[in-house]
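**Student:**
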Ligand code: DC
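Residue numbers (my numbering): 4 to 240.
(1) Mind checking residue 43: buried by the 16 CB within 10 Å criterion, or exposed?
(2) What does the Cβ neighbour count give for residue 200, buried or exposed, with the cut at 16 atoms within 10 Å?
(3) Nearest to residue 222 by CA position, among 71, 130, 171, 40, is which residue?
(4) Taking C-alpha atoms, which residue in 146, 85, 24, 97 lies nearest to residue 206?
(5) Between residue 134 and residue 93, what straight-line distance do the alpha-carbon atoms span, to the nearest angstrom?
(6) Report whether the distance from the Cβ of residue 145 to the nearest heavy atom of ligand 1 is below 7 angstroms.
(7) Let me know the alpha helix (DSSP H) ranges lying completely inside the segment 47–109, each 4 residues or longer, listed in chain order.
(8) State the CB to CB distance for the pair residue 210 and residue 148, rounded to an integer number of angstroms; the pair is presumed to be in contact (CB under 8 angstroms).
(9) What distance in whole Å lies between the Cβ atoms of residue 168 and residue 29, which are believed to be in contact at a cut-off of 8 angstroms?
(10) Pull up the DSSP beta-bridge partners for residue 159, would you.
(11) If you follow the alpha helix (DSSP H) that residue 135 is part of, which residue opens it and which one closes it?
(12) Would you kindly check if the distance between the Cβ of residue 31 and the Cβ of residue 23 is under 8 angstroms?
(13) What are the boundary residues of the beta strand (DSSP E) that includes residue 142?
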C-alpha cells in the first residue's frame with residue numbers, strides 16, 4: 004500500500020500531533036476535521052485507511068477470514084489521502100475517489116476483520132508515522148495516542164453512550180439515503196466496539212495522559228471549542 008501526501012504541505016521541522024481516539028459515533032471525524040481546519044493542520048483519518056483497504060479486499064474477492072490474503076491486498080493497494088481545497092479529506096483507492104463507498108454498512112461490518120490483522124496494522128502505523136513526520140496533523144483513530152504517536156502534543160479520547168452513538172450514525176446514514184434499522188446499527192456498533200477493544204494489536208484504549216471528553220450532550224461546535232482550548236493551553240505552556 005502506498006499513501007501519497009498532499010503536495011501543498013510545507014516541510015516543517017517541529018511537527019505537532021494532536022491525537023484523537025475513541026469509539027465509533029462520538030463525532031470524532033467531524034470534530035477532527037474541524038479542529039484541523041481551525042489549526043491549519045492536516046487531517047489524517049486513519050479509519051479511512053482501514054476502510055479503503057477493506058473495499059480493496061472486497062473488490063479482490065478475498066475471504067475475510069484469510070489474514071494473509073488481506074495483507075497481500077494491503078501490500079499491493081494504492082491508497083491516497085488528499086486534502087481538498089476546503090480542507091476536507093478525499094480518499095482514493097487506486098486513483099478512484101471512494102469517500103462515500105467506504106462509509107457503507109457493508110464496509111463498516113467487515114472493517115474489523117481487516118483492522119485486527121497485525122501485519123496490516125504494521126503497514127498502517129508506519130505510513131501514519133511517515134505522514135506525521137512531515138507536517139502538523141490532527142490524527143484520528145483508535146490507537147493514535149497509545150501506539151502511533153505516544154508523544155503527541157495533546158491526546159483526546161472522545162466518548163458517548165451507545166444509544167447516542169447509534170442514533171447519530173442512524174441520522175448520518177439516513178441523510179445519505181441509506182436505510183438501516185436503528186437496532187441493526189446499534190448491534191453493529193456494539194460488535195465493532197467489542198472487536199476494537201479486545202483485539203490483540205493496537206486495541207482501542209484511552210492513553211493514560213489523554214483528556215476524556217464525553218460528547219453525549221455536546222454539539223459539534225462545543226466539542227471543537229473544548230478541544231481548541233486544551234490545545235491552546237498546551238501550546239502556550
Ligand atoms: O473510525 P472508523 O469507524 O472510520 O474506523 C473504521 C474501523 O477501523 C473501526 O472498526 C476501527 C478501525 N480502526 C482501527 O482499528 N485503528 C485506527 N487507528 C482507526 C480505525
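We treat Cβ as the ideally placed atom computed from N, Cα and C, and that holds for glycine.
**Tutor:** Concretely, from the data shown:
(1) exposed
(2) exposed
(3) 171
(4) 146
(5) 15 angstroms
(6) True, at least one ligand heavy atom lies under 7 angstroms from that Cβ.
(7) 49–62, 70–79
(8) Cβ-Cβ separation between residue 210 and residue 148: approximately 4 angstroms, consistent with a contact (criterion under 8 angstroms).
(9) Taking 8 angstroms as the upper bound for CB-CB distance, residue 29 and residue 168 are in contact here, some 6 angstroms apart.
(10) 23, 214
(11) 121–137
(12) yes
(13) 140–144
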